[in-house]
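Report on the structure given below.
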Amino acid sequence: MKQFDSIIIGSGQAGTPLVFSMASKGQKVAFIEKEHLGGTCLNVGCTPTKTYVASARRMWDISQSEALGVDFSGSFKSNIPKIKERKDALIAKSVKGITNGVENHKNITYYKGTAHFVNDTTVAINGEHITAPKIAINVGGRPFVPAEYKDIPHLTNQSILDLTELPKHLVIIGGSYIGLEFGQIFRRFGSEVTIIERGDRIIKREDEEVSAEIHTFLKEEGINFVFNAKKIEPSYQNDEVTLTINDDTIIKGSHLLLAIGRVPNTDVLHIENTSITTTQRGFIEVDDYCRTNVEGIFALGDCNGKGAFTHTAYNDYQIVEDYLFGDKKRKISDRIQTYGLFVDPPLGRCGMTKAEALQKGINVLEGRREMSRIARAKEKGETYGFMSILVDADTHKIIGATILGTGGDEIVTSILNVMYAGKTYDLIKDSVVLHPTVSELIPTSLERLKAVE
């Protein structure tokens, strides 16, 4: 049996930097990846989808050119093979960089294949048993596909990126983050798009006003929505998918995208051979330092259920790296929730929503500004959305922010930084901000706080 100092299973945004950190400190590390170096974000997540968002944005820019005084004559259309080619080239360049780094490091032994546990200290890979006192699990997750769709031709967030032709009618089940992003992308590319949601509104995790505003501008772009789809019966015939909703509504489409959640890839690890504890949903239970209940075993990224984002996975790496080689000051509980929805205009979020804050009994004040009342947004011709900053009336500290509108995914970080600094909202209320920008209305919105009930 081959002995290593550490074994890392999975090459996502936590596993990859961790393996290089360990190897740089002289540790002999076994690095295992079953599919593609770089994990979900690089290969089938953030990187490829945002290249598609960029192409879709160019389509929108052209369609809106006359409204901004640019005469345009002629026709234009999306070129799916070229869009895919650009995406693949970007991914290949990044993967090549990781591959070269792994293959050329004397302290890293790379295994391509699916690993599983033999016991708490031993891992089987490609018929070989390897062991180490420290094991890091970074296996990520995959799209959830209900049993009733197993025999129905369908797409996931991964396979839709392999399309080389434009869907005539893309039907999406799931009105949350992935479904909305792909819905707008392919609507702008030229597909008819219908989004089917089991609930009564999209992205139910957000405050109702956020859901309503995003629904409004996506509907204006021509996306069809079906809500309260409590019962969905799928069938497939003559190259067409048919969805019977609540026994009376029938939706037919050329392609079906399932965007109804993700599950952790922990089921391939044979965790039952170990003492590692998991939740009912299969997430590996960890403490504030990403430690499992088994000494020496850590779980990082999506598989630990503590975050479902690239930035939280990378922070998991920072926490484990600091625990192993630093002063053990970084903790999961110290991070403030932040994320984006990359529709256009985008949503940037940090901290609590209004509903969450009120549920906690906080005396909430809100500074708010509609994008239609912001000069820069009007000048750009992008006036959908609003900015909302929530303040604890008792401490004067910012507890959350929603920036829905042009630049919202970037602007929200300025609010997040104040929250991490532990300062009151007065710090930015009295700041002098660059004009003309969307951000310059943050201080203005904080001058007139109103109570939230």
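So that you can map any letter, position 31 of the sequence shown is 30 in numbering that gives the first Met the number 0, and since no number is skipped, the others follow by simple counting. We put the beta carbon where it would ideally sit given N, CA and C, even for glycine.
- The beta carbons of Gln183 and Leu217 sit about 6 Å from each other, so the pair counts as a contact at 8 Å.
- With contacts defined by Cβ atoms closer than 7 Å, His214 and His115 do not form a contacting pair.
- Taken through DSSP and simplified to helix, strand or coil, Gln317 comes out as helix.
- Under the DSSP assignment, Gly14 falls in the alpha helix (DSSP H) whose first and last residues are 14-23.
- For Lys251, the enclosing beta strand (DSSP E) covers residues 248-252.
- The three-state reading of DSSP puts Pro47 in helix, counting H, G and I together.
- If you keep only unbroken beta strand (DSSP E) runs of at least 3 residues inside the stretch 197-260, you get 223-225, 231-236, 239-244, 248-252, 254-257.
- Across the structure, Ser74 and Val52 are spaced so that their CA atoms are roughly 21 Å apart.
- Counting other Cβ atoms within 10 Å of its Cβ, Pro345 reaches 16 or more and is therefore classed as buried.
- Assignment of beta-bridge partners to Glu127 by DSSP yields Ile124.
- Judged by DSSP in its simplified three-state form, Arg280 adopts coil rather than helix or strand.
- In the three-state scheme derived from DSSP, where H, G and I count as helix and E and B as strand, Thr401 is classed as strand.
- As the crow flies, the alpha-carbon of Glu205 is around 14 Å from that of Gln358.
- Straight-line measurement puts the Cα of Glu284 at about 28 Å from the Cα of Lys1.
- In this chain, the beta strand (DSSP E) harbouring Gly339 covers 337-340.
- Looking from the CA of Asn156, the closest CA among Ser175, Gly112, Pro233, Phe181 belongs to Phe181.
- With three or more CB-CB distances shorter than 8 Å, the stretch 362-377 counts as touching the stretch 444-451.
- Around the beta-carbon of Lys353, 16 or more other beta-carbon atoms lie within 10 Å, marking it buried.
- For the options Tyr235, Ile398, Leu433, Gly404, the alpha carbon positioned closest to that of Asn416 is the one of Ile398.
- When C-beta atoms of the stretch 23-31 are compared with those of the stretch 40-54, fewer than three pairs fall below 8 Å, so the two segments do not count as touching.
- Taking each of Leu162, Ile231, Lys76, Val117 in turn and checking the Cα distance to Ala146, the smallest one comes out for Ile231.
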